[in-house]
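Input: a single structure, listed below in structure tokens.
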Amino acid sequence: MNLSSPPGKWELFRGFLEIGMTGFGGVGTVAYHIIVTKRRWLSPQDYMDLLALGQILPGGNVLNVSILVGDRFAGVWGAVIALTALMVSPLLFLSLGLFAYHSFAHLPFVQILTLSLGTAAAGQAMGLALKMMRHMLSPSYRRFGLVGLTFLVIAILRISLFYALLCLIPLSFLLSQKWDKD
Amino acid sequence: MSFPLSHLALRFLSLSLLAVGGAQALVPQIQLEFVTQTHWISPHEFTELFALSQLLPGPNLLVMIGLIGWHVAEAPGFLVAILAVMGPSSVLAWGVGRFYASFAHIPSLLRLKMSLAPVVVGLTFSSGWILVQTITTDKTGWFVAGFVALVGGLTSLHPTLILGMGTCLALILFSLFS
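As you go down the protein sequences, you meet chains A and B in turn. Each residue of the first sequence is one higher than the one before, counting from 180 in our numbering. Each residue of the second sequence is one higher than the one before, counting from 288 in our numbering.
Printed below as a string of structure tokens:
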């Protein structure tokens, strides 16, 4: 596949503006479409590399990708521009949404709609976890134990995230090292 | 309610680097700090903020964090919360990106990602679980959430379609049973 010429700051701005503008229900898939398929800045392999890095690093995955892509093509300012462009339209929509919501929030129908949407979206987060479980963990079912432990510690025992991660990350890392050797 | 911005900034600065696998990892901790422990946000308001963040395009959970900031300290709170939660992780991403570029295609990257995967999956599931627990008080809510989770987890339908179906199902059931 032919890559386009490396994008400048203005093209980075436009590309990430588009990602932020069209990414209803999560920006992950749109980001791939625009960076790889439409604008051809990166090969699929390179994109997957940067995405893997963005996923390992703490923080929003696509936000991290915007920083990595921006910096790769146009240095620090490229990173700042890509990140800003990604956030501009969500924040604009947000102010409009807040305005509309506060005008209608008192209506009973809006109340029940909010409750319904919230419940469905919460279910979707659990569905995403199930999907990840199917795709990422299938080679080794022993990893399910770690998923369960994380759930127990965070959602049932409600241990503070900092202390939970302090134990869970090294444990997960060591166990998978051991399992890889087996 | 007067609310010192520095307080808000500190809370989100300290959460920034804990967002393992994405901002959804922070949901249980945010619920714990803002709803259960301090009561700055009521469960009902938490539900509203989450639902609103799901309706808008863009990085949803970051939007939700911004909304939490807005809720406790209006527009300045909104900016402070978003900048604080993005700051440390963004600087880290930039720094590691630089380092990584000079060692391109380190094979261990994939292994590192795989070894963190169980924790990321567990955090994502916990985040959905805590949300359902905060939003709903009865079996109907759990039924809808479970249904959406199964459809989302086992099929490859478009996420927006599933969200729409789940919302309609919830609307019908909530109207009938409550």
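All residues carry an ideal CB built from backbone N, CA and C; glycine is no exception. The structure presented is a predicted model; accordingly, all values stated were derived computationally and were not measured.
When rounded, the separation of the alpha-carbon atoms in A:Leu296 and A:Ser184 is 43 Å.
Counting only runs of 4+ residues, the alpha helix (DSSP H) found wholly inside the segment 394–429 of chain B occupies 395–422, in chain order. Our two residues, B:Leu300 and B:Phe464, have alpha carbons roughly 42 Å apart in a direct line.
B:Gly433 carries a helical assignment under DSSP once its states are collapsed to helix, strand and coil.
For A:Pro237 and B:Val322, the gap between their C-alpha atoms comes out near 23 Å. Taking the beta carbon of B:Ser303 as reference, the chain A residues within 9 Å of it are Pro237 and Gly238, listed in sequence order. Look at B:Ile355 here: in three-state DSSP terms it is helix. Put simply, the CB of A:Gly187 is far from chain B, with every gap to its CB atoms at 7 Å or more. Contact annotation: B:Ala432 and B:Val419 have beta-carbon atoms nearer than 7 Å. Less than 7 Å divides the Cβ of B:Gln311 from the Cβ of B:Ser414.
Three or more beta-carbon pairs separated by less than 8 Å are not found between the segment 208–217 of chain A and the segment 271–285 of chain A, which leaves the two stretches without contact.
A direct Cα-Cα distance of roughly 36 Å separates A:Ser351 from B:Thr454. Counted as a single uninterrupted DSSP element, the alpha helix (DSSP H) harbouring A:Glu190 occupies residues Lys188 to Thr201. Setting aside the 5 residues that flank it on each side, B:Ser376 is surrounded in the same chain by Ser303, Leu304 and Ala306, each with a C-beta closer than 8 Å to its C-beta; the list follows chain order. Note that the C-beta distance between A:Val326 and A:Ala343 is not below 7 Å. Per DSSP, the continuous alpha helix (DSSP H) segment holding A:Asn240 begins and ends at Asn240 to Phe283. Judged by DSSP in its simplified three-state form, A:Val326 adopts helix. Distance from B:Leu292 to B:Pro363 at the Cβ level is roughly 6 Å; contact confirmed, criterion being Cβ atoms closer than 8 Å.
Taking A:Met305 as reference, the option from B:Asp425, B:Phe430 and B:Met401 with the minimal CA-CA separation is B:Phe430. For B:Thr427, the closest of A:Val289, A:Leu230 and A:Leu294 by C-alpha to C-alpha distance is A:Leu294.
In this structure the segment 349–366 of chain B does not touch the segment 244–260 of chain A; the number of beta carbon pairs closer than 8 Å is below three. The Cβ of A:Tyr226 sits no closer than 7 Å to any Cβ of chain B. With a threshold of 16 other beta carbon atoms within 10 Å, B:Leu343 meets it and is buried.
A:Ile260 is a Cβ neighbour of A:Lys188, given a cutoff of 7 Å. Within chain A, the residues Ala301, Ile333, Ala334 and Arg337 have their CB atoms less than 9 Å from the CB of B:Ile417, given in chain order. When the five nearest sequence neighbours on each side are left out, the beta carbons in the same chain lying within less than 6 Å of the beta carbon of A:Arg219 are those of Leu182 and Ser183, in order along the chain.
Rounded to the nearest angstrom, the Cβ distance from A:Leu307 to B:Tyr387 is 26 Å, too far for a contact under 8 Å. In terms of beta-carbon proximity, A:Lys360 stays away from the interface with chain B, with every pair separated by 7 Å or more. A:Gln356 is classed as exposed because its beta carbon has fewer than 16 other beta carbons within 10 Å across all chains shown. Chain order gives the chain B residues near A:Ile348 as Val307, Leu403 and Val406, where near means a beta carbon separation below 8 Å.
For the segment 258–275 of chain A, residues whose beta-carbon sits nearer than 8 Å to a beta-carbon of chain B comprise Ala258, Leu262, Leu265, Met266, Ser268, Pro269, Leu270, Phe272 and Leu273.
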